[in-house]
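Single-structure report; data block below.
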Amino acid sequence: MSAVAEARTGTVRASRPRGGGRVRESVARWLFLAPAVAYILIFFGYPVVQNVVMSFQDYTTRTFFTGEAPWVGFANYAEVIGSYVFGTALSNTALFTLGSIVGQFVIGLLFALFFHRRFPLSNVLRSLLLLPWLIPIIAGTSVWKWILDQDGGVANQLLGAFGIPAVPWLSSPDVALIAVIIVNIWIGIPFNTTLLYSGLQGIPEELYEAAALDGATGWKAFWHITWPSLRPVVTVVLVLGVIYTLKVLEVILGLTGGGPANATATLATESYFRSFREFQFGEGAAVSNILILFSLVFAVIYLRANRKQVDE
Amino acid sequence: MKKTSPRRTLPMTAVGIVLLALMLFPVYWMVNVSLQGGGMAASSSFFPLSPDFSGYEKALSQQTGNLLTSIVVALGTVLVTLVISTPAAYALAQFRLRGGAFVQFALLIAQMIPGIVIANSLYALFNNLRLVNTIPGLILADSTHAVPFAILIMTAFMRAIPPSLVEAARVDGAGHFRAFWSIIVPVSRNSIITAALFSFLFAWSDFIFALTLTSSNTVKPITLGIYDYLEGNVQSWGPVLATAVMASLPAIVLLVVAQRYIAAGALGGSVK
Amino acid sequence: MKKITLASGALAATAALALAGCAGGTPSEPVDRGDITLTITDTLSETSAPVYQEVYDACAAEIGIAGVEATHVAGSGHIAKLLQQIASRDLPDVVMIDNPDVQQIASSGALSPLTEYGIDTADFPEGVIAAGSYDGELYGVAPMVNSLGLIYNVELLEAAGVEVPTTWDELREAAQALTQGSTYGIAFSAANSFEGTWQFLPWMWSNGGNEDDLTSPEVVGALEFVTSLVQDGSASASVVGWSQNDVTDQFIAGNAAMMINGPWNLPRLTSAEGLEFEITTIPVPNAGDDVVAPLGGETFTVPVNEDSAVQEAAGAFVACLAQDEHQITMAAGRGGVPSSPSAGAAAIEANPYIAAFVDTVATARARTGLLGEAWPDAATKIYTAVQIALTGQQSPEAALEQVAG
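If you're matching them up, the sequences are chains A, B and C in order.
Quick note on numbering: the first sequence equals residues 1 to 312 in the working numbering.
Quick note on numbering: the second sequence equals residues 1001 to 1272 in the working numbering.
Quick note on numbering: the third sequence equals residues 2001 to 2405 in the working numbering.
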């Protein structure tokens, strides 16, 4: 391996200190990480442990006052998984996540590629693209609700101008999930575009020039240069995208409240309803832990698969 | 970046504008309805022929304080996040620390936790520390949205920095921190700004901590202020939408300014 | 707020004891409870808050405290915050709680019974008492309540030659006759939330159905009726997504000739240009039946306070809020009905539109009256079944069987 490659894949290997110096070196390195580790333990460690414990308890409003929460083992999980909504919520969550990620990623990538070239106003336009993500969710979802209203909404009016019959966007169980996915894609495009754009900007121009000399342009250039170079950023975007999408709550609550007839009920909404509508916090915690489990499994699988690809 | 002649690229500007117009139609609709009183949200016309500014009057007179709070909290979050995350990202990217992979995984898990779960724990903690209803408290809490993401993003970018850069400085006798501050930070400037940007946006759009950790009108981010106009059965959409528009403006201005830096490339491409 | 010293605390306590001996809630002589500032949390919007602030200040003066500090919380986050505060023993001195939530919060043990504060509720309708009671004790009192009624567009009814319906059959026919062009005959909310449940209750209860037996023929009949309105095309399919606020939007825009809604809309309705509307009680299944509608309105509660003097002041404050004159102020400013019937007559004089609601409230029923803490579970089943039936996924009977199941 050449010295350059070695240096690039290696780590900082400063002159090896001897004896006690090595300990000091190690301590100095960990000091860089220490604030972050402390922050994570305090702000994330305790909540996640508490949430897991809560899922095994009968945690009600009374518990908030008395602190008593009888241990019920897996009863909450059994209740949650056995309820007639669970299957629907599960499949909705999967579809919602899949649809949102694919839509956000593909459109985000297309936008990123589009903005990759400099043209007048590209900076301003790229910033304006962040608006869907910026707008307070309650305002955004309310506006979409009006746009998608079956009778008077602008969407159906526009469709009507083309002779397409009105679509029951939010009032039909068959269409509602699609409508919610569309809105979530809309909100998620800015995040994807910004990160993918950053990634694109980091690809050295020389690679494209060298490839062009060999006659590889357009689609070939994308497949052989852009895509592999983007790999690390794509990983971050997809993994985080799934994690964030699984948590989505306010978007669905604002648009359909989980309906109609549970057509847009997801594990996230179920967790919220169980805790804050039915005051069964143990059950709500159980659902959110199931959600975290899915996130975890996905992260592990994806990262493993990715590592394998990188090694090849 | 490909630099082509302006004449070649003007069509792209046109296409760009059309695409943006399509994407931002709901934003236009929001402004449109906000100027038609919001009360007739059911049947607003395409264009506000006789704009009604009452919503904006209310928003401007009542929410500017909250807007300021949001800005201060968001900027504070950026600061705290960068202070915590940048060294951590450097350590994870460049030092082969035992447990480094574990920390990265923990960061992923941290982001899987629903906000309300964290909010409940934080309330109890902050109550004891008298951090409720304070701006520092909000800053610390909002950083939970930003720190894991910032670390992950900057780690990814810092991995591409050749260790030779730092080694040279260390050989000259510079300590870890000196090397970090004088070399790594300038070199990673663009990824740091990307992380700062997202930290700002995450903090800006936070609602759950704004709701949980404040109970007065003195410290009230605008995401919470917007709910002043929403009651159980009666919702005044005019002021709500006007506030939303007002809330989006400073952020957009900031982004236009910051995008210049992100444009230059955040992945180690700046390292030549 | 704990801003008083032990000495004045003792003084205030003595004064309170003396007061407690008085019958009724109105002190006959000025009282000084010392330098107490009560913290109040309510869920009022920026429009309603000033109305209540007037009453808060008046009562603060009446009971002789330094003042009140009112904080307004977004309704959607109110319960979450309350629970956090309960856990930290950090509750405000007075808390506004929507009446269906009172039993849940009271069950935690964090609230104090209101009986000690001399609140005179002998007059109040049964529903109002039931809503604020838990385990036989009164924990929350609602000075202002509301319910549901049939609000109709006078011009549209005249134009179609339709008489004001009083029974279900009449309503169904009227709705069909009124559905013309882009106007639906009737609009209501059947959303995927407790708002949807709330709107279904008048039909269910007036038909004799109960929430503890959702598969009974009465409940099925009620659901069949509501479903028929959508199937006839008299109500938009979008009702499954509309909040009551959206319904009002539709009504004002002329997209619906009639709507099922409440008195909180009156400020908006009266200021809508060119809108001529009237209000009547919700039609009943058969002529001569009684309408049984749900009781709405927020209660004021007094959390248990480690400072007994403050708690006593809070109790006196709430007792003051419940007086007739303040009920009328709140009801008039916000669009509601005073709780006590004696104030009702004066309120109708000031605002004739609420007459139908005053009648309805007299026989209105508390949502938690029958099931108490178990209400949220039943409420969820109800709105789910309504949604399943209205979207045509299953017949009303099958829908109810599924959720009850």
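Note that CB positions come from ideal geometry on N, CA and C, so glycine has one too.
In this text, all values refer to a predicted model and were calculated from it rather than measured experimentally.
Proximity winner among the options, relative to residue i (alpha-carbon distances)
i, options, result
"valine 251 of chain A", "B/Phe1207, B/Ser1034, B/Met1012, B/Lys1058", "B/Phe1207"
"isoleucine 42 of chain A", "B/Val1234, B/Met1154, B/Thr1214, B/Ser1143", "B/Ser1143"
"tryptophan 2168 of chain C", "C/Pro2283, C/Gln2180, C/Gly2185, C/Val2095", "C/Pro2283"
"threonine 2043 of chain C", "B/Ser1216, B/Ile1135, B/Thr1013", "B/Ser1216"
"threonine 61 of chain A", "C/Cys2059, C/Ala2049, C/Gly2109", "C/Gly2109"
"threonine 1218 of chain B", "B/Met1154, B/Asn1190, B/Asn1066", "B/Asn1066"
"alanine 1251 of chain B", "A/Arg117, A/Asn123, A/Leu113, A/Trp133", "A/Trp133"
"proline 2165 of chain C", "C/Thr2121, C/Asp2232, C/Ala2257", "C/Ala2257"
"glutamine 2053 of chain C", "C/Met2330, C/Ala2343, C/Trp2198", "C/Met2330"
"glutamate 2409 of chain C", "C/Pro2376, C/Ala2322, C/Ala2347, C/Thr2384", "Residue numbering for chain C in the displayed model covers 2001 to 2405; residue 2409 of chain C lies beyond these limits and cannot be assessed."
"threonine 226 of chain A", "A/Ala36, A/Gly152, A/Gln201, A/Asn51", "A/Gln201"
"leucine 246 of chain A", "A/Ser271, A/Ile40, A/Ile189", "A/Ser271"
"tryptophan 1204 of chain B", "A/Ile40, A/Leu131, A/Gly282, A/Thr88", "A/Leu131"
"serine 2206 of chain C", "C/Asp2246, C/Ala2222, C/Ser2271", "C/Ala2222"
Buried versus exposed call for residue i [16 or more other C-beta atoms within 10 Å across all chains shown]
i, result
"isoleucine 292 of chain A", "buried"
"arginine 307 of chain A", "exposed"
"proline 2217 of chain C", "exposed"
"serine 1085 of chain B", "buried"
"alanine 2023 of chain C", "Reliability fails at alanine 2023 of chain C, whose pLDDT of 41 lies under 50, so the model's placement of it is uncertain and the value that follows must be treated cautiously. By the 10 Å Cβ count, alanine 2023 of chain C comes out exposed."
"asparagine 2286 of chain C", "exposed"
"aspartate 1172 of chain B", "exposed"
"asparagine 2192 of chain C", "buried"
"glycine 1269 of chain B", "Since pLDDT at glycine 1269 of chain B reaches only 42, below the 50 mark, its modelled position is unreliable, and the value read off the structure follows with that caveat. Buried, since its Cβ has 16 or more Cβ neighbours within 10 Å."
"isoleucine 1222 of chain B", "buried"
"alanine 2332 of chain C", "buried"
"glycine 2021 of chain C", "Residue confidence for glycine 2021 of chain C is low, a pLDDT of 42 falling below 50, so the modelled location carries little weight; the figure read from the coordinates is stated next. By the 10 Å Cβ count, glycine 2021 of chain C comes out exposed."
"tryptophan 146 of chain A", "buried"
"tyrosine 2117 of chain C", "buried"
"tryptophan 2242 of chain C", "buried"
"isoleucine 2004 of chain C", "Low confidence applies to isoleucine 2004 of chain C: its pLDDT is 42, below 50, so where it sits in the model is not reliable, and the reading given next is rough at best. Buried."
"tryptophan 71 of chain A", "exposed"
Within chain B, the residues that residue i reaches when beta carbons sit closer than 8 Å
i, result
"arginine 29 of chain A", "Ala1091, Phe1095, Leu1097, His1176"
Chain-ordered neighbours of residue i on chain C, where CB pairs are closer than 9 Å
i, result
"leucine 170 of chain A", "Ser2238, Val2240, Gly2241"
"asparagine 156 of chain A", "The contacting residues do not exist; asparagine 156 of chain A stays about 11 Å from chain C at best."
Where residue i meets chain A, residues with beta-carbon distance less than 8 Å
i, result
"glutamine 2244 of chain C", "Within 8 Å Cβ-Cβ: nothing; glutamine 2244 of chain C doesn't reach chain A, min ~13 Å."
"alanine 2191 of chain C", "Gly257, Gly259"
"leucine 1201 of chain B", "Leu130, Trp133, Leu134"
"glycine 994 of chain B", "There is simply no residue 994 of chain B to check, as chain B begins at 1001 and stops at 1272 in what is shown."
"asparagine 2255 of chain C", "Asp151, Gly152"
"valine 1033 of chain B", "Val143, Trp146"
C-beta atoms of residue i and residue j nearer than 8 Å
i, j, result
"arginine 24 of chain A", "alanine 1091 of chain B", "no"
"tyrosine 2353 of chain C", "leucine 2266 of chain C", "yes"
"alanine 2366 of chain C", "alanine 2066 of chain C", "no"
"leucine 1255 of chain B", "leucine 1197 of chain B", "yes"
"threonine 1013 of chain B", "serine 1199 of chain B", "no"
"alanine 210 of chain A", "alanine 221 of chain A", "no"
"serine 2328 of chain C", "alanine 2345 of chain C", "Checking the displayed sequence, the identity of residue 2328 of chain C turns out to be isoleucine instead of serine. It is not a contact, given that the beta carbons lie outside the stated cut-off."
"phenylalanine 114 of chain A", "leucine 129 of chain A", "no"
"threonine 2384 of chain C", "alanine 261 of chain A", "yes"
"glutamine 2387 of chain C", "glycine 87 of chain A", "no"
"alanine 2416 of chain C", "valine 2239 of chain C", "For chain C, the structure presents residues 2001 to 2405; residue 2416 of chain C sits outside this window and is missing."
Chain-ordered chain A contacts of residue i [CB-CB under 7 Å]
i, result
"alanine 2080 of chain C", "Phe276"
"tryptophan 1237 of chain B", "Ser142"
"proline 2341 of chain C", "Within 7 Å Cβ-Cβ: nothing; proline 2341 of chain C doesn't reach chain A, min ~33 Å."
Under 9 Å from the C-beta of residue i: neighbouring residues of chain B
i, result
"tryptophan 2375 of chain C", "Residues of chain B passing the Cβ test: none, with the nearest at roughly 17 Å."
Any non-hydrogen atom of the ligand SAM within 7 Å of residue i CB
i, result
"threonine 1155 of chain B", "No copy of the ligand SAM appears in this structure; indeed no ligand is present at all."
Quiz item: Does the pairing of the region 2331-2341 of chain C with the region 2089-2108 of chain C give three or more beta-carbon distances under 8 Å?
Solution: no
Quiz item: On the three-pair Cβ rule with 8 Å, is the region 2212-2228 of chain C touching the region 2291-2306 of chain C?
Solution: no
Practice problem: Would you check if the region 87-102 of chain A and the region 170-186 of chain A touch, i.e. whether three or more CB-CB distances between them fall below 8 Å? | Solution: yes
Quiz prompt | Touching by the beta-carbon criterion (3+ pairs, under 8 Å), the region 46-65 of chain A and the region 1117-1134 of chain B | solution = yes
Quiz item: Using 8 Å as the Cβ pair cut-off and three pairs as the minimum, do the region 2292-2312 of chain C and the region 2033-2047 of chain C touch?
Solution: yes
Quiz item: At a cut of 8 Å, does the region 2204-2214 of chain C reach the region 2379-2388 of chain C through at least three beta carbon pairs?
Solution: yes
Quiz item: Would you call the region 1241-1250 of chain B and the region 1048-1063 of chain B touching, i.e. three or more CB-CB distances under 8 Å?
Solution: Touching, yes, given that three or more Cβ pairs across the two stretches are closer than 8 Å.
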